[in-house]
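Reading through the structure tokens given below for one structure.
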Amino acid sequence: MNQILATQNNKKTNKKAGIKGIIMFFAFSIMIFGATLVGEGSYAIYKNIQDKNPSNIPNVTIQRVNDELVVNINHNTEIMKIIYSWDNNEIENVIPVNDYFVEERIKLLGYNSVLNLTVEDINGKQVTYQKQYMLDGVDITKPLINIETSNGSDKMVITATDETAISSLTYYWEGEEEVTIYAETEDQKEIKKEFTLTPGTRTINVIAEDKNGNIQEKEQEIITSTSKPKYGVYKNGNQVTFHIEDEDGIKYILVNLNGETYAADDINRKVVDVGPLTLREGNNILSLEVTNVSGYTESAATEIEYTPE
């Protein structure tokens, strides 16, 4: 009997040991499976974090300037291209970049609209942005700038106009300080400035701003001369000479006689005689170009017939 009990006890013990082994096996398997799941979960979370990490997302700033958007994009990965469209329009504008920074100007439509902008990097990753622009009743028209001057005159007039209201006119000569003239009334549509010029060549920059912040800029080279070069052509037999005068001073002369050119530079004299040059028998083609010290150029061409006596 004791042997039977002992045998039964041994069977129970072995059974328990077997069950325990099975439980340990499944527990170990579950742990491995769980560890695998945890590993996959960690990878998924890590990947998600990487995608949402601000340092991995292009930095996009958009500023409206008059009737345009100035788009600046920085990225820590090379930008392959940017794509933009308006509203639900299927027509897309694709701009190749191949750089880490891009600045692009996009023309506004002039009415309420939504800009769709996609940035794609060299790895094919795309980030899309949307921005709405409410433009109904908004003034986005730039002011107009007119610079009026004429050679031989020492007067110049700058006029800035706007269809709504002008705010200010700013100008500065190259190498000099800015000067700003403000509108005197709220609904003023024009600002005008008159200048007395000195002979020479200078560059002026003009900026006009209307009351709604729209800005127009203009740069122009101004050639000022109080006089124009004067010249005379004199023929004596087969010889031709030129008499040239300029009150400001003569800087450069170019003569072309039948394809042969004769030039003189840095003359800096008010009266110059050129020649004599020899004419050929028959028809002669002659051209003259004179530039004074103020940068003003006068030119002319003529034909001279020569027949030996």
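According to our numbering, the sequence shown holds residues 1321 to 1629 in order. Ideal placement from N, C-alpha and C gives every residue a C-beta, glycine not left out. It should be emphasised that the depicted structure is a prediction, and the values quoted were computed from it without experimental measurement.
Quick one: what's residue i bridged to in DSSP?
i	result
A1528	L1489, Q1536
L1435	W1406, K1451
S1607	N1576, A1621
G1552	H1563
N1581	One point to set straight first is that residue 1581 is Thr, not Asn, in the sequence displayed. In the DSSP output, where bridge partners are listed per residue, T1581 has N1576.
Y1502	S1488
T1627	T1627 is not bridged to any residue.
G1602	Y1626
K1475	T1516
N1466	T1479
E1541	T1523
E1424	V1391
T1397	BP columns for T1397 are empty, so no partner.
State the DSSP-derived secondary structure class of residue i, mapped to helix, strand or coil.
i	result
N1392	strand
N1376	helix
G1444	coil
K1509	coil
T1518	coil
P1596	strand
T1461	coil
D1482	coil
K1495	Sequence check: residue 1495 is Gly here, not Lys. DSSP places G1495 in coil when its eight states are reduced to three.
V1613	coil
D1568	strand
I1587	coil
I1411	coil
N1418	strand
With burial defined as no fewer than 16 other Cβ atoms inside 10 Å of the residue's Cβ, what is the status of residue i: buried or exposed?
i	result
D1593	exposed
T1544	buried
N1612	buried
I1393	buried
I1486	buried
I1369	Bear in mind that a pLDDT of 37 at I1369, under 50, signals an unreliable position, so the model cannot answer this.
I1415	exposed
F1562	buried
D1482	buried
S1619	exposed
K1571	buried
Y1616	buried
V1358	Legend: pLDDT at V1358 = 32, less than 50; position of this residue unreliable, no value from coordinates given.
P1628	exposed
A1584	exposed
V1417	buried
Y1582	exposed
Y1551	buried
V1610	buried
Thinking residue i and residue j are a contact (beta carbons under 8 Å), I'd like their distance in whole angstroms, please.
i	j	result
N1386	I1535	6 Å
I1403	E1412	5 Å
I1442	M1400	5 Å
I1460	G1430	7 Å
K1590	E1567	7 Å
W1406	L1435	6 Å
T1270	S1433	Here the chain comprises residues numbered 1321 to 1629, so residue 1270 is not present and cannot be evaluated.
I1524	Y1491	6 Å
L1597	V1560	5 Å
I1465	A1528	5 Å
Is there a Cβ of chain E sitting closer than 8 Å to that of residue i, yes or no?
i	result
Q1540	Protein chain content of the structure displayed is limited to a single chain, and chain E is not contained in it.
Cβ-heavy atom distance between residue i and the ligand ATP below 7 Å?
i	result
Y1616	Among the components modelled here there is no ligand, and therefore nothing to report on the ligand ATP.
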